[in-house]
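**Student:**
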Ligand SMILES: CC(C)(COP(=O)(O)OP(=O)(O)OC[C@H]1O[C@@H](n2cnc3c(N)ncnc32)[C@H](O)[C@@H]1OP(=O)(O)O)[C@@H](O)C(=O)NCCC(=O)NCCS
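Numbering (our numbering), first residue to last: 275 to 487.
1. Would you check if the distance between the CB atom of residue 443 and the CB atom of residue 419 is smaller than 7 Å?
2. Ligand 1 and residue 408: does any heavy atom of the ligand fall closer than 6 Å to the residue's C-beta?
3. Are there any heavy atoms of ligand 1 lying less than 6 Å away from the beta-carbon of residue 418, as far as the coordinates show?
4. What three-state label does DSSP hand residue 489 in the structure shown?
5. Any contact of the stretch 351 to 365 with the stretch 324 to 343, i.e. 3+ C-beta pairs under 8 Å?
6. Going by beta-carbon coordinates alone, are residue 414 and residue 359 separated by less than 7 Å?
7. Examine ligand 1 and report whether any of its heavy atoms sits within less than 6 Å of the Cβ of residue 452.
8. Report buried or exposed for residue 412, applying the criterion of at least 16 other Cβ atoms within 10 angstroms of its Cβ.
9. List the DSSP bridge partners of residue 368.
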């Protein structure tokens, strides 16, 4: 077994341990997400964890069937899940990409992985600032709609707050209203809309100010 870090973000509330349909996971941290207006979405927010192997691969099956294009980024998890999780932890520590990037997984009370969010700790290159931004998020196709997208972004904003970021930059394709609605639901302020030379489409550029508590 690898030396994957599994320290919890916070301790889970005991009342929710009893409500959960699966054994209390050692990795989980309950963060109530009250931001979705349609239903309150209760999810656990976890660091990538090898204990979530089956749930993560079920998410990949969902992408394979319903949205292979957006599932492609997770395909490496299939061949060696332990190495994949380790790589995400290494990414957070700054050993993988251009900048350190924190990864968090949203897990439903039924134990399904219902969202993924990535938070780049800084965006100091032209490419990151002009094309990518701080935060990216995805919800597997079968779980879209009831508020997990907003919950995923909120989890990312919480991580940004922990990192000391005062505001974050996000991009959404103009033809992806689910994405920019999610940003706007989380307080995003549209700064500009322009054509991306890299992605060859119209994109919207938003800022979200992080509440400092
Ligand atoms: C973008 C994405 C994360 C949204 O996830 P979701 O779980 O459907 O989002 P939510 O249920 O939290 O809804 C968030 C907002 O988007 C709106 N929305 C959701 N699907 C929509 C759609 N197909 N068209 C228009 N608006 C939509 C919701 O109504 C809600 O806005 P509102 O509260 O103002 O009504 C999801 O569609 C996804 O993973 N898409 C593929 C990957 C992607 O585009 N990622 C974002 C780029 S980084």
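Ideal placement from N, C-alpha and C gives every residue a C-beta, glycine not left out.
**Tutor:** Short version:
1. No.
2. In terms of side-chain proximity, the C-beta atom of residue 408 is found no nearer than 6 Å to any non-hydrogen atom of ligand 1.
3. Yes.
4. Residue 489 falls outside the range modelled here, since the chain spans only 275 to 487, and no answer is possible.
5. Yes, they touch.
6. Not in contact: residue 414 and residue 359 (Cβ atoms no closer than 7 Å).
7. Because some heavy atom of ligand 1 lies under 6 Å away, the Cβ of residue 452 counts as near it: yes.
8. Its Cβ being crowded by 16 or more others within 10 Å, residue 412 is buried.
9. Within the DSSP secondary-structure output, residue 368 pairs in no beta bridge.
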